[in-house]
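Let me begin by presenting the structure, written as structure tokens, before commenting on it.
Protein chains: 2
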Amino acid sequence: MTPEPSPRASSLSKSRLRLWLKLLKASGLIEDEIRRRLRAEFNWTLPRFDVMSALARSPDGLKMSEISRLLRVSNGNITGIVDKLTEEGLALRVSVPGDRRANLVRLTPRGKELFAEHAAVHEAWINEILSGLNDDDIAGMIRRLDHLTEALDHED
Amino acid sequence: MTPEPSPRASSLSKSRLRLWLKLLKASGLIEDEIRRRLRAEFNWTLPRFDVMSALARSPDGLKMSEISRLLRVSNGNITGIVDKLTEEGLALRVSVPGDRRANLVRLTPRGKELFAEHAAVHEAWINEILSGLNDDDIAGMIRRLDHLTEALDHED
């Protein structure tokens, strides 16, 4: 016979499940709100913002596969976004010396400038949405989230 | 001239942005891990698990539009999942008395039983993944997440 879990262990397991559902709900609600505002204010999609954000942090450029890995989405989705950014003069593809098949994607000066403007507005939105959390709240949550993701990150 | 934000306010804004990025990362990593395990252990997708979970919590059945609203995904995606669950004898569509166009979707007894088994395994996974968090950590995070989502939830 499988032993029953102790009531103590079982209640902790239920609390962890409850926390997970709340974590999912919070990140989903915030993400929806950001998605809605990006669309309304800039006519941007969230994946476009995320691709530009990844490129803005890598001035030397990123391979398509690197963008996909960073954003954890498929290469196919990234291709369409990068094609559009290129058409609009916000990004460009540069060839990698010594590797004829690989391209690096980079933001153009205009892309950098526009992203910096939108990123500042995005930060202000997050500041407003998370305004109920003070420094202590934030430090406490960051410490616990780091603890949580450390284990998962190492599994890769 | 726009006044510069005080260094204090600006640093809090940066911390909130940092927290948001960590919240997104943690929920993404956990979700990926659950998705991977559902696929490997049960050959289930995460959306299938989520649809069954919504149905399991509504023994009277749910309209397609209610499932989509609860899961915040489009009706089209839900249709394919419900079709498959129905084919497999895990769910069924029942007509709504007095409304010929509306159907309610319900789990069958076999669907309920199978979901209960998989949900228990899912809870054990979450318990393991979140094992670094004790009761205090959980209570602290839940309090802050509730505070956070309260404002967003009221906006609807």
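Protein chains in written order, with our numbering: chain H, 1 to 156; chain X, 1001 to 1156. The beta carbon of each residue, even a glycine, is placed where N, CA and C say it ideally should be.
Beta-carbon proximity check, residue i vs residue j, cutoff 8 Å
| i | j | result |
| --- | --- | --- |
| M1064(X) | T1086(X) | no |
| A1091(X) | G132(H) | no |
| S15(H) | E1123(X) | no |
| F1042(X) | H1118(X) | yes |
| R1037(X) | W1125(X) | yes |
| G61(H) | R1072(X) | no |
| I1129(X) | E1031(X) | no |
| I1138(X) | L19(H) | yes |
| I1081(X) | R1110(X) | no |
Beta carbon proximity, residue i to chain H, threshold 8 Å
| i | result |
| --- | --- |
| N1127(X) | yes |
| H1147(X) | yes |
| M1001(X) | Its pLDDT being 49, under 50, M1001(X) is placed unreliably in this model, and the value from its coordinates should be taken loosely. It does not; no Cβ of chain H falls within 8 Å. |
| A1026(X) | yes |
| S1013(X) | yes |
| A1116(X) | no |
| E1123(X) | yes |
Secondary structure of residue i, DSSP reduced to three states
| i | result |
| --- | --- |
| R57(H) | coil |
| N1134(X) | coil |
Span of the alpha helix (DSSP H), counted from its first residue to its last, around residue i
| i | result |
| --- | --- |
| L1092(X) | Segment 1091–1096 is the beta strand (DSSP E) holding L1092(X); no alpha helix (DSSP H) there. |
| L1070(X) | 1064–1071 |
| N1127(X) | 1109–1129 |
Start and end residues, beta strand (DSSP E) containing residue i
| i | result |
| --- | --- |
| V1082(X) | Unbroken run through V1082(X) is the alpha helix (DSSP H), 1075–1087; no beta strand (DSSP E). |
Within-8 Å CB hit, residue i to chain X
| i | result |
| --- | --- |
| A102(H) | no |
| A18(H) | Residue identity differs from the one stated: residue 18(H) is Arg in this sequence, not Ala. It does; some Cβ of chain X falls within 8 Å. |
| I78(H) | no |
| R69(H) | no |
| L38(H) | no |
| L133(H) | yes |
| A54(H) | no |
| L46(H) | no |
| M64(H) | no |
| E33(H) | yes |
| L23(H) | yes |
| E41(H) | no |
Within-8 Å CB hit, residue i to chain B
| i | result |
| --- | --- |
| S58(H) | Reference to chain B is not applicable here, since the protein chains of this structure are H and X. |
Quick check: the region 1019–1026 of chain X against the region 1042–1061 of chain X, are there 3 or more CB pairs under 8 Å?
-> No contact exists between the region 1019–1026 of chain X and the region 1042–1061 of chain X.
Using 8 Å as the Cβ pair cut-off and three pairs as the minimum, do the region 96–113 of chain H and the region 138–150 of chain H touch?
-> They do not touch, by the three-pair rule.
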